[in-house]
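Heads up, the thing below is written out as structure tokens.
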Amino acid sequence: MALYFMTYDLRNNRDYQKLYDELKLFNAVNILESTWCFNKENTNASDLRDHFIKFIDSDDGFLINESSYWATYKANNTPKDLK
């Protein structure tokens, strides 16, 4: 199972709820204000990009990153909080 981080900029409309609802379905945890992490298997960053693009507006942007290594400082949560 791979660990993914998602960070985003919701620009003009800032409709967070659609994205938050979908991240909850992934059992994601909020690391920093606009950064979440989750575990997922049988996928890759490109497939996740294509999935999450449906939950943001056309002027928004985001980054999906697969990572094995991480460190935090004064974060809301950490990947250790994933269920």
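Here the working numbering is used: the first residue of the sequence shown is 259, the next is one more, and so on.
For glycine and all other residues, C-beta sits at the position ideal for the given N, C-alpha and C.
Just so it is clear, the structure is predicted and the values come from calculations on it, not from any experiment.
Anticipated Cβ contact below 8 Å, residue i with residue j, distance rounded
i, j, result
"Ile-322", "Arg-307", "5 Å"
"Phe-313", "Glu-291", "In fact, because the Cβ distance is near 17 Å, the residues do not count as touching under 8 Å."
"Asn-302", "Leu-340", "Not quite, the Cβ-Cβ distance comes to about 19 Å (not below 8 Å), so this is no contact."
"Asp-273", "Asp-305", "With 8 Å as the limit, Asp-273 and Asp-305 do not qualify as a contact, their Cβ atoms being about 23 Å apart."
With 16 other Cβ atoms within 10 Å as the buried cut-off, status of residue i
i, result
"Thr-336", "exposed"
"Leu-283", "exposed"
"Ser-259", "The question names Ser, but residue 259 in the sequence shown is Met. Flag for Met-259 reads exposed."
"Ala-329", "exposed"
"Tyr-278", "exposed"
"Tyr-327", "exposed"
"Tyr-266", "buried"
Beta-bridge pairing of residue i - partner residues as DSSP gives them
i, result
"Phe-263", "Cys-295, Asn-323"
"Leu-268", "Its beta-bridge partners do not exist; DSSP assigns none."
"Leu-290", "Thr-293"
Residue i CB to nearest heavy atom of the ligand FMN below 6 Å
i, result
"Asn-323", "The model on display carries no ligand, and the ligand FMN is accordingly not part of it."
When the options are compared against residue i, the one with the closest alpha-carbon
i, options, result
"Lys-236", "Trp-294, Ile-311, Glu-299", "Given a span of 259 to 341 for the chain in the structure shown, any question on residue 236 remains unanswerable."
"His-309", "Arg-269, Lys-276, Arg-272", "Lys-276"
"Leu-261", "Asn-300, Asp-315, Asp-317, Lys-332", "Asn-300"
"Asn-270", "Asn-334, Gly-319, Tyr-331", "Gly-319"
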